[in-house]
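Here the sequence shown stands for residues 11 to 270, where the numbers follow our numbering.
We put the beta carbon where it would ideally sit given N, CA and C, even for glycine.
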Amino acid sequence: MHQGTRPLILAPSTPAAFLQHILSERAHPTTVLICTAKPDFLNAAVSEIQDFASSHPAQPSATPDKRSLLKATLAQIATSRHIQTAFVPSVVHLRAHLSVFPCSSGRPVPAPPVLQDETQQQNQQNQQNQQNQQNQQNQQNQQNQQNQQNQQNQQNQQEPVLLVYGFLDVHRDSGEWSAQGIGCSAACLVEAAARAGYAAVLMEPTGWDEEQDEDMRWAAYEEQIPVLSTTASVREDGTWGVPCTSARTIFQRWFMFHDT
11 MHQGTRPLIL APSTPAAFLQ HILSERAHPT TVLICTAKPD FLNAAVSEIQ
61 DFASSHPAQP SATPDKRSLL KATLAQIATS RHIQTAFVPS VVHLRAHLSV
111 FPCSSGRPVP APPVLQDETQ QQNQQNQQNQ QNQQNQQNQQ NQQNQQNQQN
161 QQNQQNQQEP VLLVYGFLDV HRDSGEWSAQ GIGCSAACLV EAAARAGYAA
211 VLMEPTGWDE EQDEDMRWAA YEEQIPVLST TASVREDGTW GVPCTSARTI
261 FQRWFMFHDT
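Written out as structure tokens, the structure is:
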């Protein structure tokens, strides 16, 4: 893991929104672990896109919507070459994959070169022309600072990422549904990402058939979970008869929540 990089938890999203995220914002070497069976994930993504298409008539727009995922554009093909994907439908599969990461993923594809647009090229040309003009020194210094900031942002975007989708969900309804089990898997993830020099990122799935405000999207992390693995079941009032803690408390030991 890169120095100063802390594991991050992104806001829960639908399957299609998740695919849009990794294609548009994770264009450089990225490993994605999807904690469900491949047919289940693909069926959910296709159903979401179909529901969206039926309720939103196609209109010209500068911003691509979910329907764009069904088209194999050159940009998507180029981006997908730098994304490695594995489906891990159980906690056992997840931990097994993490235990041998990055060897199990093979050699990552190098990041594509960062292309500079015409505006950036013009700014650099302007800076070169202004080097000998003392009366414009202040303007040149501001442009240099802006270029340094843009370069830093590009470096951050190129940072390799180990992104797990459905990490919390895969522990549910299993013998590992406890702070003990979830914490063990989280430690495996953080260790695997650090070993490979990747940034660890988590994202949970959410439904697309109902409107959810920002607080509701994060509700899964407020759920009470038994501290230790137990055979106890949820009581009629929705509580456990054993000591519990919230999922947020479990993850805060390693991760930073991107909910601010």
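Between residue i and residue j, what straight-line distance do the alpha-carbon atoms span, to the nearest angstrom?
i      : j      : result
Gly176 : Ala210 : 14 Å
Ile272 : Ala26  : Look at the range of the chain in this structure, 11 to 270, and you will see that residue 272 is not part of it.
Ala21  : Glu214 : 7 Å
Pro253 : Ile235 : 8 Å
Ser64  : Ser57  : 11 Å
Arg105 : Ile87  : 29 Å
Val110 : Met226 : 35 Å
Arg205 : Pro49  : 31 Å
Asp61  : Phe265 : 34 Å
Val180 : Gly191 : 11 Å
Leu212 : Thr249 : 26 Å
Phe261 : Ile32  : 22 Å
Ala189 : Pro39  : 31 Å
Pro17  : Cys194 : 15 Å
Pro29  : Arg182 : Note that residue 29 corresponds to Leu in the displayed sequence, not to Pro. Each residue's Cα considered, the two are about 23 Å apart.
Leu178 : His103 : 14 Å
For residue i, which residues in the same chain have their Cβ closer than 6 Å to its Cβ, ignoring the five residues on either side in sequence?
i      : result
Ile44  : Phe51, Phe97 and Tyr175
Leu172 : Thr41, Ala203, Tyr208 and Ala210
Phe267 : Ile19
Ala196 : Trp264
Leaving aside the five residues before and after residue i along the sequence, list all residues of the same chain whose C-beta is less than 7 Å from its C-beta, in chain order.
i      : result
Leu108 : Cys198, Leu199 and Ala202
Please check the pair residue i and residue j, which I expect to be a contact at CB under 8 Å, by giving their CB distance rounded to whole angstroms.
i      : j      : result
Thr95  : Thr216 : Not confirmed; about 20 Å, so no contact.
Val101 : Glu35  : Not a contact, Cβ separation roughly 27 Å.
Ala47  : Pro99  : 5 Å
Identify which residue in the options has its Cα closest to the Cα of residue i.
i      : options                          : result
Glu233 : Asp61, Gly185, Thr259 and Ala196 : Thr259
Trp228 : Ser256, Arg205, Ala206 and Ser34 : Ser256
Ser184 : Leu238, Asp269 and Tyr231        : Leu238
Asp269 : Leu33, Thr249 and Ala230         : Ala230
Pro170 : Pro99, Ile192, Pro112 and Thr46  : Pro112
Is residue i close to chain D? Criterion is C-beta to C-beta, closer than 8 Å.
i      : result
Pro236 : The structure shown contains no chain D, having only a single protein chain.
Once the 5 residues before and after residue i are set aside, which same chain residues still bring their CB inside 8 Å of it?
i      : result
Ser115 : In this prediction, Ser115 scores a pLDDT of 48, lower than 50, which makes its location untrustworthy; no coordinate-derived value is stated.
**Message:** For a minimum of 4 consecutive residues, which ranges assigned as the alpha helix (DSSP H) are wholly contained in the stretch 38–69?
**Reply:** Taken in chain order, the complete alpha helix (DSSP H) segments of 4 or more residues contained in the stretch 38–69 are 48–65.
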